[in-house]
Amino acid sequence: MTAAPALAPAADIAIDVHGLSKSFGGREVVHDLSMQVKRGTIYGFLGPNGSGKTTTIRMLCGLLTPDSGEGTCLGYDIRRDADKIKRQVGYMTQRFSLYQDLSVRENLEFVARLYGVRDARGTARDMIKRLGLNGREEQLAGNLSGGWKQRLALGACTLPNPQLLLLDEPTAGVDPKARRDFWNEIHALAADGLTVLVSTHYMDEAERCHEIAYIAYGHLLAHGTVDEVIATSDLSTWTVSGDGLNALATELAGKPGIDMVAPFGTSLHVSGRDRAAMEAAIAPYRDREGVRWQHGEPSLEDVFIELMTRATDNFQ
Amino acid sequence: MSVVPDHSRDARDPPFGFWRRSYAMVVKEFIQLRRDRVSFAMIVMIPVMQLLLFGFAINTTPRNLPTAVLLQEDSDLARSILKAMENTAYFRFTREVHTVQEFDDLLLSGKVLFGVEIPRGFERAVRRGDRPALLVAADATDPVAAGSAMSALGTVVQTALQHDLHIGDPASPPFEIRTHARYNPAASSRLNIVPGLVGTILTMTMLIFTALSVTREIERGTMESLLSMPITPVEVMLGKILPYVLVGFIQAILIIGIGVLLFGVPVYGSLTLLALLSTLFITTNLAIGYTFSTIAQNQLQAMQMSIMFFLPSILLSGFMFPFAGMPVWAQYIGEGLPLTHYLRIVRAIMLKGATLPNLQYDAVALLALMLLAMAIAVMRFRRTLD
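Chains as they are written, first to last, in the numbering used here: chain A, 1 to 316; chain B, 317 to 702.
Rendered as structure tokens:
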């Protein structure tokens, strides 16, 4: 885990919150969460299902009131200035939440009018062109394919020229090509100075973020750049390849010093937090015939799975 | 090309398959019903409400009907006659007026159903054997309400004379009661029902239009997006209500048009006033429907609330049964329903030619109900997903 970044001038910080907590029906979904997001960065928000990502995003844009904690979003107080935040934040919900029974054009015009855009029709037309939705503007949003729906939703939340985008698992269920296009678009937006907070499950997407944060069971467990997160994990990983890996995996799992055994394609990742204990544990297997051991860097996924397992032990 | 069906054992229907599957469905439905509190409440509420209303509140030969007296002479005979009228239990004297204008206004606005006029010099005329007439004017827009009271008037003369036997000869009564059925002299129930239907149909359709509006956004997931955008609860409400004001207005024109053209119902009053107050009534119902929408958890609940509001509206507003014939508690509930006020308004304008001053009370009541509903809706509208 990296140390909290030094206090930057407020103008450079898009999101700055401290000690956010939120419970539903007595169950704490977000616990004492603090985070800072610099303007113009793409900030990846990772964590397993039900870890509190959506709840945190909703607290940031004023859709939920935190039980405790405070902070600012674009310089506005998240408790008092929800109305001002809403004017400058584009929020893309996890589930498609535009009107299925309105056409592409009608949905965009509706959003434009809500934000008081002067030429709603023209703005919508420009956005349709930009999204590559020409020829589909009269199609009902409900009849679009998953990838197009996602593009339309992104278009709708960038249309009022927000300063901050909150994207909640925007690429869930979208094909790889559409996902890549989507990320190119996000990078283009960030290059224009937009701040983007995006939650995701995909490791390749995490690696396309400038900074990431990992949250599990409502606790923020790690944050920083991808390299920082990997470097601070203290995880030592060996990659094993060869024959009889399934049997080897069963033998290794649960040995003291070995925290994680995970198959990756045709190889096996064996990781442990305590380097010495881990080396001792694998020593008897190092010379087994037909397998090759190689010391390697843990992948981001190794780090996350390990964080999650540890979180399960600590908080569940 | 044909596909040979697979007759392997697994593909065959298990024994009692029909009953097992039906049973699975029954169990599932019961579980869902038990979880749905409002449906559960409706199972109990609707029959109880209906029974109580029909059993206690509804009286097709209504008694204690509000009556005004225009007393131009304060004599013993006049008092005996009024007493005799009250003894029939059909009349209850609620107002005493001093001018013909006041007398007419009370009937016009529907505050009283009957008016009794005892003319100046009445007792002297009786003693002289002039057989003077005593005027009983009835608001006959609702023939059911007025009918039985009117027929009871025949006995009044006899009863009155029992106390004043020294006057005249019972065989040829010394005075007559002249009844005047105003507004609907032919006692056509159609004249009463058609304007009533305007209100009833509008209540039903308007409620349902808006009752689903907020719950639909929540159920389809569009509410989350809407709430994240800069729009206030009042703006959402106005946006949801205004289109249907137009829809309701068209509907009202349709019903009134058919009523006039097909059923020959007259419109004696001002069409502009009718349009204005109908718009107010439409908006009130839309606001109430919208309020349900902000309270209900889902579309089914919103529908159920509308039905539970609609039932008493029909029964206690004076649409199906005479309002004046209901017990006082039921009348109080009725005063809280927009339909009650609108029925008075629409009947008064169409059949009696009433003007705004006659209808002030009901118009203000409608306005108050509308503002109350809107205030509740705006307060209930959740701006967050908490």
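Ideal Cβ positions, reconstructed from N, Cα and C, are used throughout, including at glycine.
Counting along the chain, B/Glu412 sits inside the beta strand (DSSP E) bounded by residues Phe407 to Val413. Each residue's CA atom was taken as its position, placing B/Asn403 and B/Ser464 some 14 Å apart. Minimum Cα-Cα distance from A/Val29 among the listed residues A/Thr54, A/Gly224 and A/Pro170 corresponds to A/Thr54.
Inclusion of A/Val89 and A/Pro162 in the CB contact set at 9 Å is warranted, their separation being smaller than that value. Counting along the chain, A/Val291 sits inside the beta strand (DSSP E) bounded by residues Val291 to Gly296. Shortest Cα-Cα distance from B/Leu386 to any of B/Glu418, B/Ile557 and B/Asp392 involves B/Glu418. Within the segment 602-621 of chain B, no residue has its Cβ closer than 7 Å to any Cβ of chain A.
DSSP, reduced to helix, strand and coil, places A/His187 within a helical segment of the structure shown. Leaving aside the five residues that flank B/Thr607 on each side, the residues in its chain whose CB is nearer than 6 Å to its CB run, in chain order, Ala689, Ile692 and Ala693. Counting the other Cβ atoms within 10 Å of the Cβ of A/Gly25 gives fewer than 16, which makes it exposed. With a beta-carbon spacing of about 17 Å, B/Ile665 and B/Gly580 fall beyond the 8 Å limit used to define contacts. Of B/Ser338, B/Val510, B/Thr671 and B/Ala503, the smallest CA-CA separation from B/Ile572 is found for B/Val510. Contact annotation for A/Asp83 against chain B: Pro546 [CB-CB distance below 7 Å, chain order]. By the criterion of a C-beta distance shorter than 7 Å, B/Phe409 is surrounded in its chain by Thr383, Val385, Leu398 and Glu402, once the five residues flanking it on both sides are discounted.
Going by C-alpha positions, A/Leu159 is about 25 Å away from A/Glu211.
Bounds of the beta strand (DSSP E) holding B/Pro382 are Leu381 to Leu387. B/Met365 sits close to B/Met624, with the two beta carbons spaced by under 9 Å. In this chain, B/Lys427 is not harboured by any beta strand (DSSP E), its DSSP state being neither H nor E. Ranking B/Ile517, B/Ile611, B/Leu682 and B/Ala527 by CA distance to the CA of B/Leu570 puts B/Ile517 first.
Rounded to the nearest whole angstrom, the C-alpha separation of B/Val472 and B/Ala503 is 22 Å. Shown here for B/Leu653: same chain residues with a beta carbon closer than 6 Å to its own, the five before and five after excluded, namely Ser629 and Ser633 in chain order. By the beta-carbon neighbour count (other beta carbons within 10 angstroms, threshold 16), A/Lys86 is buried.
Here A/Ser199 carries a strand assignment [DSSP, helix/strand/coil]. One Cα belongs to A/Ile15, the other to A/Leu108, and the distance between them is close to 27 Å. Beta-bridge analysis with DSSP links A/Ile215 to A/Leu220. A Cβ of chain A is located within less than 9 Å of the beta carbon of B/Thr700. Neighbours of A/Cys61 in chain B, taken as residues at a C-beta separation under 7 Å, are given in chain order as Ser544.
Residue pairing for A/Leu165: DSSP places it in a beta bridge opposite A/Gly90 and A/Val196. Contact annotation: in the segment 87-113 of chain A, residues whose CB is within less than 8 Å of a CB in chain B are Arg87, Val89, Tyr91, Thr93, Arg95, Phe96, Ser97, Leu98, Tyr99, Gln100 and Val111. For B/Asn601, the number of other beta carbons within 10 angstroms of its own is at least 16, and it is reported as buried.
Ranking A/Arg95, A/Ser34 and A/Thr72 by CA distance to the CA of B/Glu535 puts A/Arg95 first.
B/Asn614 and A/Ser236 have their C-alpha atoms some 52 Å from each other. Its Cα nearest to that of A/Ala262, the residue A/Ala247 stands out among A/Tyr76, A/Ala276 and A/Ala247. When DSSP states are grouped into helix, strand and coil, B/Asp352 belongs to the coil group. DSSP places A/Tyr43 in the uninterrupted beta strand (DSSP E) bounded by Ile42 to Leu46.
Between A/Leu133 and A/Gly147, the C-beta spacing is not below 9 Å.
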